[in-house]
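Protein chains in written order, with this note's numbering: chain X, 1 to 277; chain D, 278 to 553.
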């Protein structure tokens, strides 16, 4: 007998659902049959370092901002999402297929290059493409499994970046993460948490920046005007193209100063969990 | 406009069986698999992808001649690489044992990458690894030179390849839900790409689908390309006929019977010619 009320037990049950999803991740079919996959479940206070690392990146990358704000907001409201970290070892090939998809003629050449450049990208890399497919199928089965459990979810590269930076799953060289719940509709799509975070003017400017062809006027003159106002023809605006030192400086600062500062605070504690013996 | 006329003639029967191959009842069964394959492609098309950008194309192929041609291409590829030889030859057998083949490809991985600077392709902090190895002008990749010594003309955008993985994963999830058998194959993908299936794609994965008593894609024996159901059946046709003619009798006149333990010999071999 019992009587479950409220939503708290649903939040607890998310962790059980996450465990079922991890089963699907490990059951996912593979093309090579040789790709090592790992999955971990993280929630509550343990999300805090991850959220912290996403913070500065969110300031310069809009899609990261959306993930960051949503997860942070849910966590602070006491509706912590549960995230499933999905990692794979794809930066070297034990296939000897020599298919050329990576850009090298042989797996041997790829492996030699990968040894020198491993982990150099924001999300790791370099990658064997067939192993990437195996890993992606595991991520897809995680999404499908979550969908069939009717839990709102989204697979995120932003979380993958944070997991990489903080040293989660040190044996894996590619990481993505599936964010799960809280239990309601449209947490990660349409995003109620982001309501009123942008003004109409910012929204419109985003469209002008990101979909410029929609706003281009007659191009026959060679320097087409931009239709950004109702009377767009006077006084006109034009698109400018140029290198922005200021923008690039901000990127560099985030990547090489702000993120490492946060990582240093948490890295030892996280590394301790993976220490063997 | 032509008006939809409802067909209310709802009666009939459909006999379905996997034996004998290519009989009406077997083709009816294959048509059921085709329906499943179409739903699998639906799932592939709606799979998650980076930025919601459409990049997946699919080809559904069926028919005895079509599958035989694909199987032969897989065999051809198998002999080009020592590490492919055995597994790919085994997979060619599985192609012949399939009902429908799905090819899924990514149309952007070689030409219009994500351009997000994730570095997964080459381990750098930008997309430089991809672009340096391609023929480009102001960031536009020229794919008109389609000649390549390689089986796949890399490098490819790893995120787009990941999107292809999502598509294949979703197709396979639906196969599992519908309880039809399916496996993702590299051999089949490369064969399909070389044959022109998924014509706009930089990388293709083949997913054979079947609904038979025995899942064709598991529990294979060694030397599967030499010892399999097709070969065993053909061997039966070869051996059994000969086994008939090494001894004989005119069944209208006499049929051998087992000897009764105690009784007189009534039915043994006759030595005096025909019955009178």
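Ideal placement from N, C-alpha and C gives every residue a C-beta, glycine not left out. As the structure is a computational prediction, the values presented were derived from the model and not from experiment.
Which chain D residues are close to residue 108 of chain X, counting only those with a beta carbon under 9 Å from its beta carbon?
Mapped onto the first chain, residue 108 of chain X falls at position 108. Within chain D, no residue comes near residue 108 of chain X; the closest Cβ sits about 12 Å away, beyond 9 Å.
Residue 96 of chain X touches chain D at which residues, Cβ-Cβ below 7 Å?
Taking the first residue of the first chain as position 1, residue 96 of chain X is located at position 96. Near residue 96 of chain X (Cβ distances below 7 Å), the residues of chain D are 360.
Quickly, what does DSSP pair residue 459 of chain D with across the bridge? List them, please.
Residue numbering aside, residue 459 of chain D sits at position 182 when the second chain is read from its first letter. In DSSP, residue 459 of chain D forms a bridge with D:486.
Classify residue 343 of chain D as helix, strand or coil using the three-state DSSP reduction.
For the purposes of this step, residue 343 of chain D is identified with residue 66 of the second chain, where counting begins at 1. The three-state reading of DSSP puts residue 343 of chain D in helix, counting H, G and I together.
With the cut-off set at 8 Å, would you say residue 475 of chain D and residue 437 of chain D are in Cβ contact?
Taking the first residue of the second chain as position 1, residue 475 of chain D is located at position 198. Taking the first residue of the second chain as position 1, residue 437 of chain D is located at position 160. Taking 8 Å as the Cβ cut-off, residue 475 of chain D and residue 437 of chain D do not qualify as a contacting pair.
Give me the residue from D:353, D:335, D:339 and D:423 with the minimum Cα distance to residue 487 of chain D.
Position 210 of the second chain, counting from 1, holds the residue named residue 487 of chain D. Closest in alpha carbon position to residue 487 of chain D, among D:353, D:335, D:339 and D:423, is D:339.
Tell me the residue span of the alpha helix (DSSP H) that contains residue 286 of chain D.
The residue given as residue 286 of chain D occupies position 9 in the second chain. Looking at the DSSP string, residue 286 of chain D is not in any alpha helix (DSSP H), and its letter there is neither H nor E.
In this structure, does DSSP put residue 192 of chain X in helix, strand or coil?
By 1-based counting over the first chain, the position of residue 192 of chain X is 192. Residue state, collapsed to three classes: helix.
Nearest-angstrom Cα separation, counted from residue 12 of chain X out to residue 127 of chain X:
Within the first chain, residue 127 of chain X is the residue found at index 127, counting from 1. Within the first chain, residue 12 of chain X is the residue found at index 12, counting from 1. If you take the alpha carbons of residue 127 of chain X and residue 12 of chain X, they lie about 36 Å apart.
Chain-order list of residues whose beta-carbon lies under 6 Å from that of residue 553 of chain D (same chain, five-residue window excluded):
Translated into positions along the second chain, residue 553 of chain D becomes position 276. Low local confidence applies: a pLDDT of 45 at residue 553 of chain D is under 50, so the model's placement there is unreliable, with the coordinate-based value given in what follows. Result list for residue 553 of chain D: empty, nothing under 6 Å.
How is the alpha helix (DSSP H) around residue 296 of chain X delimited, first residue to last?
What is shown of chain X runs 1 to 277, which leaves residue 296 of chain X out entirely.
Report the neighbours of residue 122 of chain X on chain D: residues whose CB is nearer than 8 Å to its CB, in chain order.
In the first chain, counting from the first residue as 1, residue 122 of chain X sits at position 122. The contact set of residue 122 of chain X on chain D, defined by CB atoms closer than 8 Å, consists of 394, 395, 396 and 402 in chain order.
Is it buried or exposed for residue 536 of chain D, if we count other Cβ within 10 angstroms and need 16 for buried?
Indexing the second chain from 1 puts residue 536 of chain D at position 259. It counts as exposed.
Got a sec? Which residues, its chain only, sit under 6 Å from residue 279 of chain X by beta carbon, not counting five neighbours each side?
Residue 279 of chain X is absent from the model: chain X starts at 1 and stops at 277.
Helix, strand or coil: how does DSSP classify residue 380 of chain D here?
As a first step, residue 380 of chain D is located in the second chain; it is residue number 103 there, counting from the start. Of the three classes helix, strand and coil, the one that applies to residue 380 of chain D here is strand, per DSSP.
Does DSSP put residue 418 of chain D in a helix, in a strand, or in coil?
In the second chain, the residue the question calls residue 418 of chain D occupies position 141. Of the three classes helix, strand and coil, the one that applies to residue 418 of chain D here is strand, per DSSP.
For the structure I just gave you, are there three or more beta carbon pairs, one from the segment 426-446 of chain D and one from the segment 7-26 of chain X, closer than 8 Å?
No, because fewer than three Cβ pairs between the segment 426-446 of chain D and the segment 7-26 of chain X fall closer than 8 Å, the two stretches do not touch.
Tell whether a beta-carbon distance below 8 Å holds between residue 448 of chain D and residue 516 of chain D.
The count along the second chain starts at 1 and reaches residue 448 of chain D at position 171. The count along the second chain starts at 1 and reaches residue 516 of chain D at position 239. Against a cut-off of 8 Å, the Cβ pair of residue 516 of chain D and residue 448 of chain D comes out as no contact.
Secondary structure, alpha helix (DSSP H): runs of 4+ residues fully inside the segment 34-95 of chain X:
As far as the segment 34-95 of chain X is concerned, its whole alpha helix (DSSP H) runs of at least 4 residues are 48-60 and 62-76.
If contacts are defined as beta-carbon pairs under 8 Å, then residue 223 of chain X and residue 215 of chain X qualify, I think. What distance do you get, rounded to the angstrom?
As a position in the first chain, residue 223 of chain X is number 223, starting the count at 1. As a position in the first chain, residue 215 of chain X is number 215, starting the count at 1. The pair is not a contact, with the Cβ atoms about 14 Å apart (cut-off 8 Å).
So with CB distances below 7 Å, who are the chain X contacts of residue 498 of chain D?
For the purposes of this step, residue 498 of chain D is taken as residue 221 along the second chain, with counting starting at 1. By Cβ distance, chain X contributes nothing, its closest Cβ being about 17 Å from residue 498 of chain D, past 7 Å.
Is the distance from the Cβ of residue 179 of chain X to the Cβ of residue 154 of chain X below 8 Å?
By 1-based counting over the first chain, the position of residue 179 of chain X is 179. By 1-based counting over the first chain, the position of residue 154 of chain X is 154. Annotated as proximal: residue 179 of chain X and residue 154 of chain X, with beta-carbon spacing under 8 Å.
Residue 462 of chain D touches chain X at which residues, Cβ-Cβ below 8 Å?
Working through the second chain from its first residue, we reach residue 462 of chain D at position 185. 31, listed in chain order.
Whole-number beta carbon distance between residue 135 of chain X and residue 165 of chain X, since they are thought to touch under 8 Å:
Here residue 165 of chain X refers to the residue found at position 165 of the first chain. Here residue 135 of chain X refers to the residue found at position 135 of the first chain. Wrong, their Cβ atoms sit about 19 Å apart, outside the cutoff.
Rounded to a whole number of angstroms, what is the C-alpha to C-alpha distance between residue 315 of chain D and residue 482 of chain D?
Translated into the one-based positions of the second chain, residue 315 of chain D becomes position 38. Translated into the one-based positions of the second chain, residue 482 of chain D becomes position 205. Using only the alpha carbons, I get a separation of about 16 Å.
For the candidate residues D:511, D:491 and D:317, whose alpha-carbon lies nearest to that of residue 377 of chain D?
As a working note, residue 377 of chain D is residue 100 in the second chain. The residue from D:511, D:491 and D:317 with its alpha-carbon nearest to that of residue 377 of chain D is D:317.
In terms of residue numbering, what span does the beta strand (DSSP E) encompassing residue 177 of chain X cover?
Within the first chain, the letter at position 177 stands for residue 177 of chain X. For residue 177 of chain X, the enclosing beta strand (DSSP E) covers residues 174-180.
Sort out for me which residues DSSP pairs residue 430 of chain D with in a bridge.
For the purposes of this step, residue 430 of chain D is identified with residue 153 of the second chain, where counting begins at 1. Its beta-bridge partners do not exist; DSSP assigns none.
What is the DSSP secondary structure of residue 21 of chain X, counted as helix, strand or coil?
Taking the first residue of the first chain as position 1, residue 21 of chain X is located at position 21. When secondary structure is reduced to three states using DSSP, residue 21 of chain X falls in the helix class.
Chain X beta carbons: is any one of them nearer than 8 Å to that of residue 476 of chain D?
Taking the second chain and counting its residues from 1, the one referred to as residue 476 of chain D is at position 199. No, residue 476 of chain D does not count as interfacial toward chain X.
Any chain D beta carbon closer than 8 Å to residue 137 of chain X
Counted from its first residue, the first chain places residue 137 of chain X at position 137. Contact with chain D is found for residue 137 of chain X, since one of that chain's Cβ atoms lies less than 8 Å from the residue's Cβ.
Whole angstroms is fine: what's the gap from residue 58 of chain X's alpha carbon to residue 86 of chain X's?
Within the first chain, residue 58 of chain X is the residue found at index 58, counting from 1. Within the first chain, residue 86 of chain X is the residue found at index 86, counting from 1. Cα-Cα distance, rounded: 21 Å.
Is there a Cβ from chain D that is less than 8 Å from the Cβ of residue 105 of chain X?
Position 105 of the first chain holds residue 105 of chain X. Residue 105 of chain X counts as touching chain D.
Could you tell me whether the Cβ of residue 133 of chain X comes closer than 8 Å to any Cβ of chain D?
Residue mapping note: residue 133 of chain X aligns to position 133 of the first chain, counting from 1. Yes - at least one Cβ of chain D is within 8 Å of the one on residue 133 of chain X.
On the criterion of 16 or more Cβ atoms from any shown chain inside 10 Å, does residue 188 of chain X qualify as buried, or is it exposed?
Here residue 188 of chain X is taken as the residue at index 188 of the first chain, counted from 1. Looking at its Cβ environment, which holds 16 or more other Cβ atoms inside 10 Å, residue 188 of chain X is buried.
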